[in-house]
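Scroll down for the structure; my scribbles are underneath it.
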Amino acid sequence: MTGEQLKDLENNLWQAADKLRADSGLKANEYATPILGLIFLRFASIRFNRIKPDIDAAIKAQKNSRMQQSEVEIAIAKCGFYLPEEAQYDYLLNLPEEEDIAKAIKEAMEQIEKYKPELVDSLPKDEYFKLYTPEDRSLPKTLLKIFANIPEDASGDVFGKVYEYFLGEFALAEGQGGGEFFTP
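Read left to right, the sequence shown gives residues 112 to 295 (the working numbering).
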């Protein structure tokens, strides 16, 4: 991905997210955590999907051996984490509109933490329910659609830059208080 393509991607993602923020009436500090959580989930799913053929090959190669490892063990060894189907981005994206998407995202984050204990209590979960209003429950699904635009061939560097870009934009949106994102 070229620098110009990355900049276009960042701008398009921010414009879409900013429009949704404006439509929801949430402040940037209420909106930042769910968005950054979905960026993480998209990155994790893309990384896991890239490694999945290697995981499947390892399972097949170990079949009927005494050293057989589980899919979870192989995934953690090869990719650093395991994503069961209900924690994968495409699974969430393809849920019907009438599903409780905030609940599904929360359960996905809990599944990630289950298999990666180092992340326990660090991933956003209940914040997705704040995106619901009495009149509209579509915002979590709309956010999933927005971040699905991050291409499957995006690397960790691209995600790092997108994540950093969003941190900076949220800091600007918050004004002086936004510096807390970068202050140790």
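Glycine included, C-beta positions come from ideal geometry on N, C-alpha and C.
Inset, instruction - Tell me whether residue 175 sits in a helix, a strand or coil according to DSSP, three-state version. - result: On the sequence shown, residue 175 is found 64 positions in, with the first residue counted as 1. Of the three classes helix, strand and coil, the one that applies to residue 175 here is coil, per DSSP.
Legend entry - residue 227, DSSP secondary structure in three states: Here residue 227 corresponds to residue number 116 of the sequence shown, with the count starting at 1. The answer is coil: DSSP assigns residue 227 none of H, G, I, E or B.
Inset, instruction - Leaving aside the five residues before and after residue 147 along the sequence, list all residues of the same chain whose C-beta is less than 7 Å from its C-beta, in chain order. - result: The count along the sequence shown starts at 1 and reaches residue 147 at position 36. Correct list, in chain order: 274 and 277.
Inset, instruction - Tell me whether the beta-carbon of residue 283 lies closer than 9 Å to the beta-carbon of residue 135. - result: Stepping through the sequence shown from its first residue, residue 283 is reached at position 172. Stepping through the sequence shown from its first residue, residue 135 is reached at position 24. No. Outside cutoff.
Inset, instruction - Figure out for me which residue from 199, 206 and 207 has the closest Cα to the Cα of residue 221. - result: Along the sequence shown, one-based indexing puts residue 221 at 110. Among 199, 206 and 207, the Cα nearest to that of residue 221 belongs to 199.
Inset, instruction - Return the CA-CA distance between residue 250 and residue 180, expressed in angstroms with no decimal places. - result: Position 139 of the sequence shown, counted from the start, is the residue given in the question as residue 250. Position 69 of the sequence shown, counted from the start, is the residue given in the question as residue 180. So the two alpha carbons sit approximately 40 Å from each other.
Legend entry - Cβ-based neighbour list, residue 169, same chain, cut-off 8 Å, excluding 5 preceding and 5 following: The residue labelled residue 169 in the question sits at position 58 within the sequence shown. Around residue 169: 180, 185 and 189.
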